[in-house]
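Visitor: Numbered per the numbering used here, the sequence shown spans residues 4 to 399.
All C-beta atoms in this analysis are idealised placements derived from N, C-alpha and C, irrespective of residue type, glycine included.
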Amino acid sequence: TASEEGEGEGEGEQGERELDRDYYRAVAMQRQQQQQQQQQQQQQQQQQVFKKIGALGEWRPLFRYSQQQGEWVEVSETDIRREWLAQQHEVAATSVDRDITIATYNILFELYHGKEAFIYTHRRTPLAFDLLRKTNADIIALQEVTPPFLRALLGVDWIQKDYYVSETNWQTIKAGADGGSTIVPSGQLILSRFPFCVHFTSFSYHKCAVIGEFCLWGTRLSLPAVHLTSSISIKAVAQRASQLDTLYSACDTWADQHDQGTPKSDCIMLGDFNFDDEQQAKEFIRSDYLDIWPLLHPDEPGITLDPQRNTIARITSGSGRRRRLDCVLLCSRSGKWDPVSMHIIGDQPLVFYDTEADNRTKEHAPGPMTPKERLKADSVDFQNDPHPPTLSLPPS
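(1) Can you list, in chain order, the residues of its chain whose CB lies under 6 Å from that of residue 149, leaving out five sequence neighbours each side?
(2) Output needed for residue 106: all residues of its chain with C-beta closer than 6 Å, excluding positions within five of it in sequence on either side, in chain order.
(3) Less than 8 Å separating the beta-carbons of residue 1 and residue 347?
(4) Taking DSSP as the reference, what is the three-state secondary structure of residue 152?
(5) Considering Cα atoms alone, identify which of 69, 89, 146, 63 is closest to residue 232.
(6) DSSP state of residue 190, grouped into three classes?
(7) How should residue 198 be labelled, buried or exposed, when 16 other C-beta atoms within 10 angstroms of its C-beta is the threshold for buried?
(8) What is the residue span of the alpha helix (DSSP H) that residue 205 lies within?
(9) Give me the Cα-Cα distance between residue 157 and residue 240, rounded to the nearest whole angstrom.
(10) Tell me which same chain residues have a C-beta within less than 7 Å of the C-beta of residue 373, skipping the five on either side of it?
(11) At the level of alpha carbons, what is the spacing between residue 309 and residue 351?
(12) Going straight from the alpha carbon of residue 341 to that of residue 292, what length do you get?
(13) With 16 as the cutoff for other CB atoms within 10 Å, does residue 58 come out buried or exposed?
(14) Could you give the first and the last residue of the continuous alpha helix (DSSP H) run that contains residue 131?
(15) If you draw a straight line from the C-alpha of residue 210 to the C-alpha of residue 332, how long is it?
(16) Helix, strand or coil: how does DSSP classify residue 68 here?
(17) Any idea which residues DSSP pairs residue 326 with across the strands?
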């Protein structure tokens with residue numbers, strides 16, 4: 004009958020609709036799988052890119068403060084290379100020589116068990132920021148940076164305004180030699196007015212190097228910020244030699260990868276080398292690297308650890324010897340870099356006598372001292388001490 008035929012057609016249409024739904028579900032699942040595969044391929048390609056430029060170590064993100072978002076945000080590699088290309092176009096349009104100021108500074112961490120109250124971290128932190136601001140440096144390499152210090156530094160206005168930084172999110176990165184935070188428990192940090200790729204080489208849980216990969220007006224530059232093993236370790240000399248060999252090799256490999264058909268790549272290695280003496284410095288610094296301080300100041304020792312003048316250095320130094328721990332080394336394959344001047348910063352003593360000044364500086368401290376530490380610090384009689392604590396920032 005007509006009604007029966009209609010019911011049959013309705014059942015057929017319903018079956019077709021179910022088949023259609025099954026088809027579209029399958030298509031949707033296929034598209035989803037394709038998208039997932041594409042994402043995985045993109046991630047693999049991205050990782051391959053990072054490995055390609057990874058001769059300097061494991062890749063790490065770069066950060067810049069966003070005034071619009073009110074927070075530090077990651078800078079993509081695409082944006083970094085776009086800035087590099089813009090600089091190259093600027094070079095093509097002009098032949099003016101450019102000067103760059105670079106600073107290295109060991110901020111002296113607070114991880115001295117039983118001596119924290121006499122290191123005065125809560126007082127030195129804002130003073131260190133002010134000292135660094137006055138250098139007006141284009142690139143700053145810091146050693147012994149800890150999470151509390153970094154947290155305070157990231158809140159400083161002039162740093163938010165002018166600088167890229169090599170790390171901000173230490174909380175989310177696993178610490179350790181298997182590739183973790185660059186500042187846990189302490190480590191190196193690079194700040195720069197120029198964008199750069201960040202690389203990380205770990206020697207041990209306590210020692211690492213952060214290496215900046217720059218392209219400054221068409222000239223490629225690697226910049227390792229280092230802190231080699233101190234003499235506290237019984238194997239310090241061998242460890243320093245091994246660490247330097249690793250860095251030399253990494254910078255050589257990176258330069259060889261990029262020097263084919265392009266301008267020669269350069270290296271500026273700087274930081275706290277912890278050399279025992281000038282003889283060891285001469286033995287460990289490779290012949291194609293210039294040690295800039297004795298080059299520009301052949302008659303000056305360039306002391307950066309002076310327990311005789313610096314009370315905090317006297318407290319923390321194991322040997323009590325005056326030494327030049329901090330160096331800036333230049334390997335200019337391109338011949339485009341010429342050191343012009345160099346001076347020591349943070350070598351002027353700072354003495355505190357009144358609690359009002361203490362309160363002013365403590366307002367900017369990364370964290371309060373414990374009551375026990377506060378009691379120890381307040382028990383020091385600055386007025387009557389014949390040798391009051393001259394709170395010299397450790398010079399670099």
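Guide: By the coordinates alone:
(1) 112, 189
(2) 138, 140, 143
(3) In this structure the chain extends from 4 to 399, so residue 1 is not present and cannot be described.
(4) helix
(5) 146
(6) strand
(7) buried
(8) Unbroken run through residue 205 is the beta strand (DSSP E), 200–205; no alpha helix (DSSP H).
(9) 35 Å
(10) For residue 373, the predicted structure reports a pLDDT of 33, less than 50, and the residue's modelled location is therefore unreliable. The matter cannot be settled from this model.
(11) 12 Å
(12) 13 Å
(13) buried
(14) 124–138
(15) 19 Å
(16) strand
(17) 308
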